[in-house]
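Number of protein chains: 2
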Amino acid sequence: MKNVIHAKCVRCGKTYEATPNLTTCACGGILDVVYDYDYVKKTLTKEKLAARPRTMWRCRELLPVEETTPDTPLRVGWSPLYEAQRLGAQLGLGRLWIKDDGQNPTASLKDRASAMAVAKAQEAGARIIACSSTGNAASSLAGNAAAAGLRSFIFVPERAPKGKVAQLMTFGANVISVQGNYEETFALSKKAIDKWGWYNRNAAINPYLSEGKKTVSLEIAEQLNWQMPDYLAISVGDGCTIAGVWKGLKDLYAIGFIDSLPRLISVQAEGCHPINRAIAENQPWQPMEENTLADSIAVGVPRNADKALMAIRESNGIVVNVTDEEIMAAQKLLGTTCGVFGEPAGVTGTAGVKKLCAQGVLGAQDTVVSVVTGNGLKDVANAIRFCGEPMKLPNDLDLLIEAFERRGLKTE
Amino acid sequence: MKNVIHAKCVRCGKTYEATPNLTTCACGGILDVVYDYDYVKKTLTKEKLAARPRTMWRCRELLPVEETTPDTPLRVGWSPLYEAQRLGAQLGLGRLWIKDDGQNPTASLKDRASAMAVAKAQEAGARIIACSSTGNAASSLAGNAAAAGLRSFIFVPERAPKGKVAQLMTFGANVISVQGNYEETFALSKKAIDKWGWYNRNAAINPYLSEGKKTVSLEIAEQLNWQMPDYLAISVGDGCTIAGVWKGLKDLYAIGFIDSLPRLISVQAEGCHPINRAIAENQPWQPMEENTLADSIAVGVPRNADKALMAIRESNGIVVNVTDEEIMAAQKLLGTTCGVFGEPAGVTGTAGVKKLCAQGVLGAQDTVVSVVTGNGLKDVANAIRFCGEPMKLPNDLDLLIEAFERRGLKTE
Numbered sequence: 404m405k406n407v408i409h410a411k412c413v414r415c416g417k418t419y420e421a422t423p424n425l426t427t428c429a430c431g432g433i434l435d436v437v438y439d440y441d442y443v444k445k446t447l448t449k450e451k452l453a454a455r456p457r458t459m460w461r462c463r464e465l466l467p468v469e470e471t472t473p474d475t476p477l478r479v480g481w482s483p484l485y486e487a488q489r490l491g492a493q494l495g496l497g498r499l500w501i502k503d504d505g506q507n508p509t510a511s512l513k514d515r516a517s518a519m520a521v522a523k524a525q526e527a528g529a530r531i532i533a534c535s536s537t538g539n540a541a542s543s544l545a546g547n548a549a550a551a552g553l554r555s556f557i558f559v560p561e562r563a564p565k566g567k568v569a570q571l572m573t574f575g576a577n578v579i580s581v582q583g584n585y586e587e588t589f590a591l592s593k594k595a596i597d598k599w600g601w602y603n604r605n606a607a608i609n610p611y612l613s614e615g616k617k618t619v620s621l622e623i624a625e626q627l628n629w630q631m632p633d634y635l636a637i638s639v640g641d642g643c644t645i646a647g648v649w650k651g652l653k654d655l656y657a658i659g660f661i662d663s664l665p666r667l668i669s670v671q672a673e674g675c676h677p678i679n680r681a682i683a684e685n686q687p688w689q690p691m692e693e694n695t696l697a698d699s700i701a702v703g704v705p706r707n708a709d710k711a712l713m714a715i716r717e718s719n720g721i722v723v724n725v726t727d728e729e730i731m732a733a734q735k736l737l738g739t740t741c742g743v744f745g746e747p748a749g750v751t752g753t754a755g756v757k758k759l760c761a762q763g764v765l766g767a768q769d770t771v772v773s774v775v776t777g778n779g780l781k782d783v784a785n786a787i788r789f790c791g792e793p794m795k796l797p798n799d800l801d802l803l804i805e806a807f808e809r810r811g812l813k814t815e
Numbered sequence: 404m405k406n407v408i409h410a411k412c413v414r415c416g417k418t419y420e421a422t423p424n425l426t427t428c429a430c431g432g433i434l435d436v437v438y439d440y441d442y443v444k445k446t447l448t449k450e451k452l453a454a455r456p457r458t459m460w461r462c463r464e465l466l467p468v469e470e471t472t473p474d475t476p477l478r479v480g481w482s483p484l485y486e487a488q489r490l491g492a493q494l495g496l497g498r499l500w501i502k503d504d505g506q507n508p509t510a511s512l513k514d515r516a517s518a519m520a521v522a523k524a525q526e527a528g529a530r531i532i533a534c535s536s537t538g539n540a541a542s543s544l545a546g547n548a549a550a551a552g553l554r555s556f557i558f559v560p561e562r563a564p565k566g567k568v569a570q571l572m573t574f575g576a577n578v579i580s581v582q583g584n585y586e587e588t589f590a591l592s593k594k595a596i597d598k599w600g601w602y603n604r605n606a607a608i609n610p611y612l613s614e615g616k617k618t619v620s621l622e623i624a625e626q627l628n629w630q631m632p633d634y635l636a637i638s639v640g641d642g643c644t645i646a647g648v649w650k651g652l653k654d655l656y657a658i659g660f661i662d663s664l665p666r667l668i669s670v671q672a673e674g675c676h677p678i679n680r681a682i683a684e685n686q687p688w689q690p691m692e693e694n695t696l697a698d699s700i701a702v703g704v705p706r707n708a709d710k711a712l713m714a715i716r717e718s719n720g721i722v723v724n725v726t727d728e729e730i731m732a733a734q735k736l737l738g739t740t741c742g743v744f745g746e747p748a749g750v751t752g753t754a755g756v757k758k759l760c761a762q763g764v765l766g767a768q769d770t771v772v773s774v775v776t777g778n779g780l781k782d783v784a785n786a787i788r789f790c791g792e793p794m795k796l797p798n799d800l801d802l803l804i805e806a807f808e809r810r811g812l813k814t815e
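So the protein sequences, as listed, match chains A and B.
Note that the first sequence covers residues 404 to 815 in my numbering.
Note that the second sequence covers residues 404 to 815 in my numbering.
Shown next, in the form of structure tokens:
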């Protein structure tokens, strides 16, 4: 990879050759891929970029893959960025954009990481790829691996929702439901990966995943014609996504494609916010309980905390926590004003923006991009619980008229 | 609309000015929009088209909207067309492509029709839009209307899957769940639309919807660089989609963008195939029971039968019916070989292709495009029933090894 110098531990600074099988540093720290920005500057122009296929692979010069590695088969990335005029006005913001990353092949931002994992697995000559996960990482890995003709082994805790398991089974993953909690699930996946030498897609172990995720901010910048907003809001669980978002922005700044960096808004659930607590109290992070319905960000022991905390601090970021009720209200708000249906964790970023507007932290002078990280169809049960039931009627116009009147529904 | 001459009844030939509020002919026949192909030929080139935004609105010259009507807000269309090499080889086909139209804002092909309805409602000055639907038309209308700032009233049969209802409620639609089948649902929606004068998005009433749907074949042609396949397979319920698909192909042929027309493959469920029965028996269509789990095509009284039958016959098409088991097997096959997760009705077209291959009707000499019309996340319950259970194990490597051996699972 001519564009990559090496991988460097974010904790001790030790460097490693950027081989496809990289995991963590000997010290236990997470590795970060370091690019040769001079080389990138020489080879990449905005004009070149504009002509390329609209997928996450369009900006190859800033991705840690060999030139000969093929794009993965599913169309990941280049999700729509909508200017949300009515919602922005309702919140009192200067301008607001919604990046709908639920519009990805398996319906979440995680497709970006999983497609990267598939590409690196192929570079490594692996034919099997594995991870432990309860949700979007698993389904995106299963889908992207299937499309590329790789096999997958996926370890889920027994409490994993049936719907997610169904998705995995449909993609033909070998699914192992582990009788125990997530820690035991992770442990068994580690033993199996060590024994059989499968390619490892466990987040926070594999340093390439956040490089895949960073493509979301490369796209936002390009879709905004390189004029950056004041803030970029995103939900935070494990920390890998917000770290990737920041990495992408810094990359673009380093090569001169953008001339300002937005401040990050890190939004977590009230019931589980170890990263935001660490920022707010300016202390090392401590584990927390996982009390939120936003399952994709219910991470009490965030394995990418180091990178996430660094990103929030470097960007002079803001942290905000939201209740489950605020999350579900944001889901409905995005649905009714933007036609965007996000899963609970997916809309948590927007819930945070709404709260900061109500608190007067954000206002008419501010421009904000809010990323929706997953599709609401992933968790229909919670949507139904909060948005209510339809009216139920027989085929009878008089009863319909009566029902409308009873509800005070305007018909024009 | 300089590109549109008029709308013409497919039954009696009577013509109507193409106003936004058009419904059906006085004789009860469905109207068809007639274009001035000479005008289109003069104004549209393949080069012009190539440079435009990748949405369903890119080919305005072939769409029945005023030049001043804005594109609708959600990014509808330009869904991925994947060449399915492994699946094609497995089925013994020359070449096979999968058009994944589940990759649309509300996760189905119906977004194309609903976005068109929203555009026409805006031209008509309407502020409320209504329809009856088994699900996808409804959720797509709710989402596209919400994004455009229109209100919606939506009538669904009580059997509509939960995922679709959750979408409707989240998008803020006024939802009426009708105790009865689709026919009764349609009847109540008609009474309500007549009473309150809402803009009518019912597929067989509004002649513009199939014009929206036809964008799927405009895209397929462009994505294949105007080299058409021998066959185009699609699931059929009401008949509006296959009619739209055919219209798009004929449009492109008329303006000289393609020089051959694929034969249509109309796939219906064994439990509900009134259109295919009419073709097979060369008789007028008759109502049928609605006995299939593929809810989106469980239409016993297809209101677009006239247009659909004409399309299948004109194309020298093939009809094939598949059982629910064949449908669910196709769902898994698409998942495992392509990483595409379609809803039951969405994969019915592919189930038909598979069956025709097994019967020797299709083979190594044939090229086929199969459209997946909706996302599997819309109906997780059926996927769960059919895709089997994961292995269940404690955190114990020896037991894992044993389980793999018992199942003959290869680990490399």
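Here a beta-carbon is modelled for each residue, glycine too, at the ideal position from N, C-alpha and C.
These numbers come from a predicted model, not from an experiment.
When you compare only the Cα positions, how much space is there between residue i and residue j?
i        : j        : result
A:Phe744 : A:Leu737 : 7 Å
A:Gly720 : A:Ser613 : 19 Å
A:Trp500 : B:Glu526 : 26 Å
B:Ala748 : A:Ala683 : 50 Å
A:Gly432 : A:Ala518 : 24 Å
A:Thr588 : A:Arg562 : 11 Å
B:Leu571 : B:Asp769 : 40 Å
A:Lys411 : A:Val437 : 7 Å
B:Ser773 : B:Lys523 : 29 Å
B:Gly495 : A:Leu544 : 28 Å
A:His409 : A:Glu420 : 5 Å
B:Gly816 : B:Pro677 : A query on residue 816 of chain B cannot be resolved here, the shown segment of chain B reaching from 404 to 815 and no further.
A:Met631 : B:Asp435 : 46 Å
A:Gly752 : A:Arg463 : 28 Å
Which stretch, first to last residue, makes up the alpha helix (DSSP H) that contains residue i?
i        : result
A:Asn547 : 539-551
B:Cys760 : 747-761
B:Ala492 : 488-494
B:Val521 : 513-526
B:Ala733 : 727-741
B:Ala429 : No alpha helix (DSSP H) contains B:Ala429, which DSSP labels as neither H nor E.
A:Leu571 : 565-573
For residue i, count neighbouring C-beta atoms within 10 Å of its own C-beta (all shown protein chains included) and say buried if the count is 16 or more, exposed if not.
i        : result
A:Lys451 : exposed
A:Asp801 : exposed
A:Ser663 : exposed
B:Lys598 : exposed
A:Glu586 : exposed
B:Gly763 : exposed
A:Thr471 : exposed
A:Gln686 : exposed
A:Cys415 : exposed
A:Asp441 : exposed
A:Asn694 : exposed
Please list the terminal residues of the continuous beta strand (DSSP E) segment that includes residue i.
i        : result
A:Gln582 : 577-582
B:Leu425 : Where B:Leu425 is concerned, there is no enclosing beta strand (DSSP E), given that its DSSP letter is neither H nor E.
B:Lys405 : Element bounds for B:Lys405: n/a, residue is neither H nor E.
Going along chain D in order, which residues have a C-beta closer than 8 Å to the C-beta of residue i?
i        : result
B:Gly552 : The chain labelled as chain D is not found among the protein chains of the depicted structure, namely A and B.
Can you list the beta strand (DSSP E) stretches of 3 or more residues lying completely in the region 596-683 of chain B, in chain order?
-> 634-638, 666-672
Minimum length 4: unbroken alpha helix (DSSP H) runs contained in the region 685-724 of chain B | 708-717
Considering only residues of the region 764-814 of chain A, which uninterrupted beta strand (DSSP E) runs meet the minimum length of 3 residues and lie entirely inside it, listed in chain order?
-> 770-775, 794-796
Three or more beta-carbon pairs under 8 Å between the region 700-717 of chain A and the region 666-675 of chain A, yes or no?
-> yes
Segment contact flag, the region 526-545 of chain A with the region 794-811 of chain A, C-beta cutoff 8 Å, min 3 pairs | no
Give a yes or no on contact between the region 477-490 of chain B and the region 727-734 of chain B, applying the rule of three or more CB pairs nearer than 8 Å.
-> no
So does the region 603-618 of chain B actually touch the region 573-586 of chain B, counting three or more Cβ pairs closer than 8 Å?
-> no
Run through the region 432-468 of chain B for me and flag every whole beta strand (DSSP E) of 3 or more residues, listed as ranges in chain order.
-> 434-438
Spell out a yes or no on whether the region 703-715 of chain B and the region 644-657 of chain B are touching, meaning 3 or more CB-CB pairs, one atom from each, closer than 8 Å.
-> yes
Decide yes or no for the touch test of the region 630-642 of chain B against the region 751-767 of chain B: beta carbon pairs closer than 8 Å, at least 3 of them.
-> yes
Contact between the region 546-557 of chain A and the region 505-519 of chain A: three or more CB pairs below 8 Å?
-> yes
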